[in-house]
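A.B. asks: Below is the structure I would like to discuss, written out as structure tokens.
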Amino acid sequence: MKLAVITNPALPSGSSVQTASGFANYVSIALRTMYIIGGVAMTVILVYGGLMYITSVGDDKALSKAKKIMTDAIIGIIILASTIPIAKILESIFGLNIFNISFPAFSDFIGVGGT
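The end of the sequence shown is residue 128 by the working numbering, with every number in the run present.
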């Protein structure tokens, strides 16, 4: 499958950000950052729900709230984990390597030698 090539005239010719693979690098960085933030957030929420569960001490309302928080955290983890296969499918469709991070060099933006 061939995709149309669209270039940005404001960037130097041949810049890595003008290609689809350059865009994939930025998507890769964003995805990995979201996975880390989401994973940490879901873990914190799950631990918070567990602490609420432990400290509910017979209060049915607090117990049901804690169960709901833990259930929501587990559902969030499942949704977060399911995005990886979806991204892999998109990789195969578009021929990009979304999970391979390679940062563009500064010289890609200003030209070799800083000129």
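Glycine included, every Cβ here is placed at the ideal spot set by N, Cα and C.
By the three-class DSSP mapping on this structure, what secondary structure does Val60 have?
C.D. replies: Looking at Val60 - three-state DSSP - the assignment turns out to be helix.
A.B. asks: Given a cut-off of 8 Å on the beta-carbon distance, is the pair Leu93 and Gly63 in contact?
C.D. replies: No. Outside cutoff.
A.B. asks: Per DSSP, what kind of secondary structure is Val70 in: helix, strand or coil?
C.D. replies: Three-state result, Val70: coil.
A.B. asks: Is it buried or exposed, Met55, if we count other Cβ atoms within 10 angstroms and call 16 or more buried?
C.D. replies: By the 10 Å Cβ count, Met55 comes out buried.
A.B. asks: Indicate whether the contact test is met: 3 or more Cβ pairs, each with one atom in the segment 80-96 and one in the segment 57-72, closer than 8 Å.
C.D. replies: They touch, by the three-pair rule.
A.B. asks: Write down the C-beta distance between Ser69 and Ala79 rounded to the nearest angstrom, noting that I regard them as a contact closer than 8 Å.
C.D. replies: Going by Cβ atoms, the distance from Ser69 to Ala79 rounds to 6 Å, so yes, they are a contact pair.
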